[in-house]
Every structure is written in C-alpha cells, then in structure tokens.
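Encoded as structure tokens, the structure appears first; notes follow it.
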Ligand code: ADP
Ligand code: TRP
C-alpha cells in the first residue's frame, strides 16, 4: 500500500525561498516517488488564526495554488486543494481537541511567539492551530509531512494526538513524521533568525528578478575582519553557498580562512545560481496565471478527491467515539 503524504502552506502571501526549499521541494520529491500518494493544500483556515484581510485571504490562497503548480506540483499526480473546501478538517479538529489539554497548547513555542507578535489577538483559533494541523494530517491518515524544521513541535502534537486517539478509541492513525529536505532551515538575509514572510528584508520571493536577488544577497551583513570567526551574516552566506554553489563553496571557505575572500564575489555567484534555479518556475508561473480555467478546475477537482478520503475517516471516528 502507498504511504500517504499531506502538507500545506498558509495563505499569507506569495511563497519565498524558505518555503520552496524547506517545504515545496520535499512535496515535489514525494509526489514524484511512486511509493507515495500525495495531498497538498493551501491552509486557508489556518490563515484566520492571525490578523488577516478578507480580500487578501481570497487572493493569497489562489496565489499559493498557482505557486504550487508553477513549482511542479502536478494535479495528475497529487491532490491539490483548499483546506476550507473540505469541511471534515474543521470537524475532526473539534473531536481531536477532546484529547488535548489547554496547558499543552499554551506552552508551545509557536503559540508563545505568535502571542508576542500579536498581543491583541490571543484567540481560541490561535490556541487550536496545532489541533487543526493534526486534523489536516490525520484526516488522511498521512504518515509523512514535508515541512521545514520550524513545524516540528506541531508534528509532535499530531503524534501525541494520534497515539491518544488510538489508545482511547481504537482508531488506527499513523504517527506522522516530518519529511526533511536539505533546506529545512533557511536563515534570514538579515543574518539573524529564519527567512520569513513576516520579517521585511529577510526573504527572497520566488518571483524576484536577478537584480532584486543580487541586491538582497548583497545586503547579507558580512562585514567582518576576514579570516576570524564567522559571524552570523557570513554563516548565512555559506548556507546559501552550500545549497546553490556546492562545487565552489569549499574553495570560498578556504579563501575566507586565509583572509582573502571577497564577499561580493561569493554573493554574486550565489545570487546568479538562485536566479537560475527560479527561472523555470517564473516562466511557468506566467503561463499558469493566464489560465484561469485550469486553476479553477484544479481547485474544484482537488476538493472532491480530498473529501472522498476525509469523509471516511470522520465517519469512522464518529462511530468509534459514540457519535453515531
Ligand atoms: P513564514 O514563516 O514565512 O510565514 P510559513 O510559516 O507559512 O512561512 O511556512 C510554510 C512552510 O515553509 C512550512 O513548511 C515551513 O516549515 C516552511 N518554511 C518557512 N520558512 C522557512 C525557512 N526559513 N526555512 C525552511 N523552511 C521554511
Ligand atoms: N503550520 C504550517 C505552516 O505554518 C501550515 C500547515 C497547516 C500545515 N496545516 C498543515 C503543514 C498540515 C503541514 C501539514 O507552514
């Protein structure tokens, strides 16, 4: 039997290089492996757990689907869908919440970060975020989840919920594991923290031009006494060098150690390589953007296929919990 895979990205904007390397690349790899059955969604319900604009949400969730398609997700191979179109996610989430304590949710690092970021938005939806994410995964009984390393605490919660449900209600949920890529943690261009949509100046958009990318990579704070300890900016630059110009990284490292490295040379080589990797994506995106009918049909058919699987799980859980 094929192993199921589920992943999603929130509808908060266009994808950046961190999303691509940490999540989408893993999604594509598993999609193209015949041992897996893959489901990929835009997590639009998760988007309402932090402040959002109604029209922005509508627009962004479509953008994420277009980004997916342009990056190589293929509706012939994967079920590509919108979370909110499959009501079973929210329904299962409520059933699962009965085996999770409030304290467990309050102590998650992701919850603590978000309430610091949005102190006026400490909502039940935000507290429930990881339970909804567990429902996303468990409603398909998915065993593998391609996401970046920052999502590990959420997967831990999903595993705990699966275990508890199996113990108490004799369900047969697998304990989902993260599928990691080489780019599971892409640092911020500012030299501190991770690349993230919510931090200005930290990211490269997948649609950035070569000029934009060059400027952004040049902005990595590498100023240093050459040859000494690598500061965070230099470390960041070498993360990109290892990923995008692996054949040259060693040489540049040696030059750094002997104090001869010109950072701008590394930076421009990295920028060029990033752009080369993104070029085919950008070309495909322009084509797909124009094809409104195709995108609409992907969204419609994806929801139908996903619902067919999800409804079976919800029926089973209701039966086992005494709700039927
Ligand atoms: P952001 O932090 O920019 O809002 P999301 O939280 O929407 O990004 O993340 C979407 C997906 O991309 C998740 O699987 C997440 O783990 C991955 N991801 C986000 N930022 C990075 C990063 N800097 N490095 C690797 N993966 C990342
Ligand atoms: N929490 C994920 C993020 O911030 C998005 C997400 C929601 C997700 N549901 C999921 C990822 C289910 C994997 C599986 O990126």
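Residue numbers (my numbering): 1018 to 1341. Backbone N, C-alpha and C define an ideal beta-carbon position, used for all residues, glycine too. A quick note: this is a predicted structure, and the numbers were derived from the prediction, not measured.
At least 3 beta-carbon pairs within less than 8 Å: the segment 1095-1112 vs the segment 1323-1331: yes
Rounded straight-line distance, which links the Cα of residue 1079 to that of residue 1305: 11 Å
May I ask you to check if the CB of residue 1174 is nearer than 8 Å to at least one heavy atom of ligand 2? no
Mind reading off the beta-carbon distance from residue 1135 to residue 1023? Whole number of angstroms is fine, and I expect it under 8 Å. Contact doesn't hold; Cβ gap of about 27 Å is too wide.
Please list the segments of the beta strand (DSSP E) lying wholly inside the segment 1175-1223, counting only runs of 3 or more residues, in order along the chain. 1194-1196
Is residue 1150 near ligand 2 - that is, is its Cβ less than 8 Å away from at least one heavy atom of it? yes
Going by DSSP in three states, residue 1028 sits in which element: helix, strand or coil? coil
For a minimum of 4 consecutive residues, which ranges assigned as the alpha helix (DSSP H) are wholly contained in the segment 1126-1157? 1126-1134, 1141-1155
Measuring from the CB of residue 1040, is there a heavy atom of ligand 2 at a distance below 8 Å? yes
To the nearest angstrom, report how far apart residue 1215 and residue 1341 are at their CA atoms. 43 Å
Alpha carbon of residue 1236 to alpha carbon of residue 1332, nearest angstrom: 53 Å
Between residue 1201 and ligand 3, is there a pair consisting of the residue's CB and a ligand heavy atom that are separated by less than 8 Å? Although ligand 3 was asked about, the structure shown includes only ligand 1 and ligand 2 as ligands.
Compute the minimum distance between the beta carbon of residue 1164 and the heavy atoms of ligand 2, and state whether it is under 8 Å. yes
Chain-order list of residues whose beta-carbon lies under 7 Å from that of residue 1199 (same chain, five-residue window excluded): 1260
Following a CB-centred definition, is residue 1212 positioned closer than 8 Å to any heavy atom of ligand 1? yes
To the nearest angstrom, how far is the alpha carbon of residue 1273 from that of residue 1290? 20 Å
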